[in-house]
Amino acid sequence: MKTTRTLENTLHTVSDLEGLQGYLTDLPKKNLSFSELFFSLDKVKAIAPAKLQKDADIERSLYYHIKSGAKTPGRDKILRLCLAAGLDLTETRRCLEAGKAPLLYAKNRRDAVISYAIQQGKDVLSTNLLLTSYSLPPLE
């Protein structure tokens, strides 16, 4: 999957309609859903599904419904999966966007703690302990 920056650089080199048509042909026809994006990431592919489900502390049946695309997870479940997979802030933001969930907002205390946890490579349990230590609701 090409990054936005790579696509922008390619688009800037387009100088005629034929080049534009070629560029548009190479673009995906639709935006990826959360499950399509998340489960296509190399970091996620490298983790056994059972381990990812356990580390995210998500019910097994819900995990497989999310993986198949039958269910779209809420924001907290997306964050749990991203933490369990060890994704960075950029990857987590892309997953939140794909899941049509609100992005992490630096002016929100809970989001600031979650962002810090992601930057520090913390897991779900450590993140929830950190949230509760600041009297903030844990990830559900």
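In this note's numbering, the protein residues as written are 203 to 342. Here a beta-carbon is modelled for each residue, glycine too, at the ideal position from N, C-alpha and C.
Here the alpha carbon of R277 sits roughly 7 Å from the alpha carbon of P304. Every alpha helix (DSSP H) of 4 residues or more that sits fully in the region 280-320 is shown, in chain order, as 291-300.
Look at the beta carbons and you see the region 288-306 touching the region 230-239: at least three pairs across the two are nearer than 8 Å. A straight line joining the alpha-carbon of A308 with that of N211 spans about 29 Å. Relative to the Cα of R282, the nearest Cα in the group I260, L264, T208, E220 belongs to I260.
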